[in-house]
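Some notes on the structure that comes next.
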Amino acid sequence: MKTGYDVIIRPIITENSMELAEDKKYVFKVAKDANKTEVRKAIEEIFGVEVAKVNVSNVSGKKKRMGLKYGRTSSYKKAVVTLTPQSKEIELFQNM
């Protein structure tokens, strides 16, 4: 059985994700086999908040070159979690 920490890998902290955090939308890197309901349960379990909506997308790896050889960075799954208006904010994104 998966725990919430098996589903949520890490938060994605970029300039765009910090702007979304003002609207109670938070971006996380999640396990490749996770679905929306697993992400919802994991966020509610870990942070103790109410989730209104979850959007999940697959991000493909970028093409990279090192000398004469080409390779790719690893692909991952990304989740944008929207909280309900009456829910508290996630403290991890507060001090950024």
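The numbering of the sequence shown is the numbering used here, which starts it at 232 and goes up by one.
The beta carbon of each residue, even a glycine, is placed where N, CA and C say it ideally should be.
By Cβ distance below 7 Å, which residues in the same chain neighbour residue i in space, the five residues on each side in sequence not counted?
{"i": "Gly302", "result": "Lys295"}
{"i": "Arg271", "result": "Val282, Val285"}
Tell me, which residues are paired with residue i by DSSP?
{"i": "Tyr301", "result": "Arg296"}
Residue j and residue i - do their beta-carbons sit closer together than 8 Å?
{"i": "Ala310", "j": "Val285", "result": "yes"}
{"i": "Ala273", "j": "Lys308", "result": "no"}
{"i": "Val352", "j": "Ile321", "result": "What is shown of the chain runs 232 to 327, which leaves residue 352 out entirely."}
{"i": "Lys255", "j": "Thr313", "result": "yes"}
Apart from the five residues just before and just after residue i, which ones in its own chain have a Cβ nearer than 8 Å to its Cβ?
{"i": "Leu251", "result": "Tyr257, Val258, Val311"}
Along the chain, where does the beta strand (DSSP E) that runs through residue i open and close?
{"i": "Arg314", "result": "Note that residue 314 is Leu in the sequence shown here, rather than Arg. Looking at the DSSP string, the run of the beta strand (DSSP E) that includes Leu314 is 307-314."}
Sorted by chain position, which residues of the same chain lie with C-beta nearer than 6 Å to residue i's C-beta, five sequence neighbours on each side aside?
{"i": "Ile277", "result": "Gly235"}
Check: Unbroken beta strand (DSSP E) runs of length 3 or more, entirely within the region 238-297: which are they?
Finding: 239-242, 256-261, 282-290, 294-297
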